[in-house]
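In what follows, a structure is listed as structure tokens, so that the remarks can point back to it.
2 protein chains.
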Amino acid sequence: MAREATPGGLDLLVLHLLSEREMYGYEIVTELASRSNAVFQMKEGTLYPLLHRLEKEGAVTAYEEKKEGRTRRYYRITRKGRGRLAQQREEWREYAAAVNAVLCMPG
Amino acid sequence: MAREATPGGLDLLVLHLLSEREMYGYEIVTELASRSNAVFQMKEGTLYPLLHRLEKEGAVTAYEEKKEGRTRRYYRITRKGRGRLAQQREEWREYAAAVNAVLCMPG
DNA sequence: ATATGATACATCGTAATACAAGGTTTGTCA
DNA sequence: TGACAAACCTTGTATTACGATGTATCATAT
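Protein chains in written order, with our numbering: chain X, 6 to 112; chain Z, 6 to 112.
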């Protein structure tokens, strides 16, 4: 299908969380689980490569900080990242509507 | 994430169409495009292997028929296929709700 | 008469994605 | 002290959808 349609795009979820506040990797995993009522149980082997990729692409920046005795790597969304987020949000909306249309399900 | 959650599952869309009536491959492609307002433009390189897999798994059966001068391979959903359809429909519903929950979007 | 494009099937190689499995360090609590 | 949670990471692997390409038949336009 249209590649952009792939809503497996975890980018969308991660970028959205970071658009609300800075977070570190492990926190993203737990936050996703809690907000989705445990539907999303993102694995670390999925998240960390994803964050590194987003950083390389300039959608997020990162810095390390020691907090509560732990060294954490915090991520902050960039202007570019916000642009992508808006676009992916729209793609998700379109995709979901299309699936529901095919299934004859109400939005 | 949860593997089952992957709504990239085109199986869902294809099985749903076949649950309404028998269809042949090429028809599925055009039907998906028309119902989704051209959001879904499934490629033949995607569909045919998918149908073969569904057949091997016993979710559909197939038979060839000459109609309108063309030899077509029609697919019919099986009981097993209907079971899977119901399950995937539920998974889609759950997945979409979870995404919307994370994004703070209304259903 | 012939060329083009739509119909209809198919396969093969490739890129992206998420995961499983494994590993390290530090802190907390029994 | 030992176990477990927090927090980061990498490598290999399976799945998925796609691009490219191929074949054959039929309709339509030139």
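Beta carbons are placed, not taken as given, at the ideal position from N, Cα and C, and that holds for glycine.
Relative to the Cα of R26 (chain X), the nearest Cα in the group X:E73, X:A102, X:R87 and X:Y100 belongs to X:R87. Of the other Cβ atoms in all chains shown, fewer than 16 fall within 10 Å of the Cβ of A43 (chain Z); this residue is therefore exposed. When secondary structure is reduced to three states using DSSP, T83 (chain Z) falls in the coil class, being assigned neither helix nor strand. Counting along the chain, E69 (chain X) sits inside the beta strand (DSSP E) bounded by residues V65 to K72. Closest in C-alpha terms to L108 (chain X), from the list Z:T76, Z:A91, Z:A102 and Z:N105, comes Z:A91.
In the same chain as G30 (chain X), and ignoring 5 residues on each side of it, the C-beta atoms closer than 7 Å to its own belong to L52, Y53, L56 and R78, in chain order.
Collapsing the DSSP output to three states places R75 (chain Z) in a strand. Interface annotation for the segment 88-106 of chain X against chain Z: R94, W97, R98, E99, Y100, A101, A102, A103, V104, N105 and A106, criterion Cβ-Cβ distance under 9 Å. Residues of chain X with a Cβ closer than 9 Å to the Cβ of H21 (chain Z) are, in chain order, V107, L108 and C109.
One finds nothing in chain Z with a Cβ atom closer than 8 Å to the Cβ of V65 (chain X); even the nearest lies about 17 Å away. In terms of Cβ geometry, V65 (chain Z) and T83 (chain Z) form a close pair [threshold 8 Å]. As DSSP reads the structure, M28 (chain Z) sits in a beta bridge with Z:Y80. Not a single C-beta of chain Z is nearer than 8 Å to the C-beta of V34 (chain X). Here the alpha carbon of L23 (chain Z) sits roughly 12 Å from the alpha carbon of V34 (chain Z). Contacts with chain Z at 8 Å (Cβ-Cβ) do not include L55 (chain X).
Secondary structure of P111 (chain Z) (DSSP, three-state): coil. Here the alpha carbons of E99 (chain Z) and E62 (chain Z) stand approximately 24 Å from one another. Rounded to the nearest whole angstrom, the CA to CA distance from Y80 (chain Z) to E32 (chain Z) is 11 Å. For the pair R94 (chain Z) and L17 (chain Z), the CB atoms are nearer than the 8 Å cut-off. Proximity of L37 (chain Z) to chain X, defined by a Cβ-Cβ separation below 8 Å, is satisfied.
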